[in-house]
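For the sequence shown, numbering that gives the first Met the number 0 begins at 0 and goes up steadily by one.
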Amino acid sequence: MKNSISREGMQALLLLAGSNDLFCDLIESFPYPIQLYKPDGLLVAVNAAFLKEFSIPHPSLIVGKYNILQDPTLAEYGVSEEVRTAFEGKPACVMNIPAPVHKLKQWFHIPVKSTELFYLDISSFPLRNDQNEMIGVAIVYVTRRKYQDREEIVKAKEYIESHWLEKFSVEEVAKAALMSVAHFERTFKACTGMTPHDYYIKTKVNRLKEALLNQNKGVEQAFSECGLPYHGYYAQLFKRETGLTPSEYRKIAQTQTRPIDKP
């Protein structure tokens, strides 16, 4: 595993810091997943524990291809403030954050067999050289628990994603999953970290995100095609879910090289 680590990116950072291979070896052998970023937010290295924990075959699949400061979904998962704090030169930590790892893999075309939801403690801190200049940011992950979807949950998600334009009915979704409503709601929440209705809303928001990328459509038209009124509740809901107004999201998302976020 050691030979597959993105050692070049790690050494590039440490060269600026005046460090040697000993620190590289320490990062690589550290038992918890670690990412190293340049000050501009570009991912330049991950360690062996990161690849193993998140089942990523090789660092080249993500290293040099992801910029955390340009990710419009940070606010959606409640970590944008802490991440930016670290890139401003101060340590930061968030606890028990739900992280849909399967989405990260989908963004970078890594095969996904099932939904993977990890609950993580995330610590971010700046890396400095001998002159106290910030030369990068390290992010360390500690997994509290993780879930993979059961067949019934996959069926429920497929039903929701096929009927997202319709009015939500938990009874119909539970029927598609061949479960009682009470048991279905408990199981869905345990496996995904959200209620079935929350997943329905998130699906609607994600379809809206896709529509907003079409430059031939206005923002109001994108809302209309998703069966949503532009003014009022759903515009506020979109900002609550993404941390951005529809216009802001549209502007930022069009700068990304990866596909738009999907459930």
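Yeah, the Cβ is synthetic: ideal placement off N, Cα and C, and Gly gets one too.
In this structure, what does DSSP give as the bridge partners for residue i?
{"i": "Q69", "result": "For Q69, which the question treats as bridged, DSSP gives no partner whatsoever."}
{"i": "P125", "result": "V136"}
{"i": "I275", "result": "Only positions 0 to 262 of the chain appear in this structure, which leaves residue 275 out of reach."}
{"i": "A98", "result": "F117"}
Might you give, ordered along the chain, the residues of its own chain that have their beta carbon closer than 7 Å to the beta carbon of residue i, omitting 5 neighbours on each side?
{"i": "Y175", "result": "As written in the sequence, residue 175 is Ala, which differs from the Tyr given in the question. Counting only Cβ-Cβ distances below 7 Å, and skipping sequence neighbours, we find K154, A155 and Y158."}
{"i": "L15", "result": "Here L15 scores only 48 on pLDDT, less than 50, and its place in the model is too uncertain to base an answer on."}
{"i": "K1", "result": "A caution first: K1 carries a pLDDT of 43, below 50, which makes its placement in the model unreliable, though a value can still be read off. Once the five neighbours on either side are set aside, the close Cβ partners of K1 are E27 and A47."}
{"i": "E224", "result": "A210"}
Hey, out of the options, whose CA is closest to residue i's CA?
{"i": "S123", "options": "E224, V141, E150 and C190", "result": "V141"}
{"i": "L207", "options": "L164, S79, T194 and C23", "result": "L164"}
{"i": "G40", "options": "F29, Y31, L68 and S28", "result": "L68"}
{"i": "E115", "options": "I121, K201 and K102", "result": "K102"}
{"i": "E170", "options": "E219, K250 and H196", "result": "H196"}
{"i": "K188", "options": "Y36, I55, R143 and Q147", "result": "Q147"}
{"i": "G192", "options": "P32, V82 and V100", "result": "V100"}
{"i": "I55", "options": "Q34, L35, C23 and I109", "result": "I109"}
{"i": "N128", "options": "A98, G88 and K203", "result": "G88"}
{"i": "H162", "options": "G226, R144, Q105 and G231", "result": "G226"}
{"i": "I200", "options": "L25, F237 and T186", "result": "F237"}
{"i": "E52", "options": "L25, N131 and R144", "result": "R144"}
{"i": "Y36", "options": "L25, S28 and V82", "result": "V82"}
In the structure shown, what three-state DSSP assignment does residue i receive?
{"i": "Q147", "result": "strand"}
{"i": "I4", "result": "With a pLDDT of only 48 at I4, under 50, the local geometry of the prediction cannot be trusted, and the value read off the model is given with reservation. Three-state DSSP puts I4 in coil, outside helix and strand."}
{"i": "N215", "result": "coil"}
{"i": "C92", "result": "strand"}
{"i": "V180", "result": "helix"}
{"i": "L164", "result": "coil"}
{"i": "V45", "result": "strand"}
{"i": "P58", "result": "helix"}
{"i": "Y229", "result": "coil"}
{"i": "E87", "result": "coil"}
{"i": "Q105", "result": "helix"}
{"i": "D24", "result": "helix"}
{"i": "N131", "result": "coil"}
{"i": "T194", "result": "coil"}
{"i": "S78", "result": "Reading off the sequence shown, one finds Val at residue 78, where the question assumed Ser. Three-state DSSP puts V78 in coil, outside helix and strand."}
{"i": "K208", "result": "helix"}
{"i": "K64", "result": "coil"}
{"i": "P262", "result": "Note that P262 scores a pLDDT of 40, beneath 50, so its modelled location is shaky and nothing firm can be said."}
{"i": "T186", "result": "helix"}
Suppose contacts are defined by Cβ-Cβ distances below 7 Å. Is residue i in contact with residue j by that definition?
{"i": "L50", "j": "F107", "result": "no"}
{"i": "A91", "j": "T84", "result": "yes"}
{"i": "T241", "j": "Y248", "result": "yes"}
{"i": "E151", "j": "M178", "result": "yes"}
{"i": "Y31", "j": "A48", "result": "yes"}
{"i": "A98", "j": "L126", "result": "no"}
Check the Cβ-Cβ distances between residue i and every residue of chain C, and say whether any is below 7 Å.
{"i": "F117", "result": "Among the chains of the structure shown, chain C does not appear; only one protein chain is present."}
Quick one: what's got a C-beta closer than 8 Å to residue i's C-beta in the same chain, skipping five residues either side?
{"i": "P38", "result": "F86, M133, I134, G135 and V136"}
{"i": "G77", "result": "V93 and I96"}
{"i": "I251", "result": "Q69, P71 and L243"}
{"i": "A221", "result": "L207, A210, L211, N213 and P245"}
{"i": "F183", "result": "E151, A155, V169, V172, A173, A176 and P195"}
What residues in its chain sit with their C-beta under 6 Å from that of residue i, if we drop five residues either side in the sequence?
{"i": "Y65", "result": "L42"}
{"i": "I138", "result": "Q34 and S123"}
{"i": "K261", "result": "No answer about K261 holds up, because its pLDDT of 39 lies below 50 and its placement is not dependable."}
{"i": "K203", "result": "W163"}
{"i": "F117", "result": "A98, V100, T142 and K145"}
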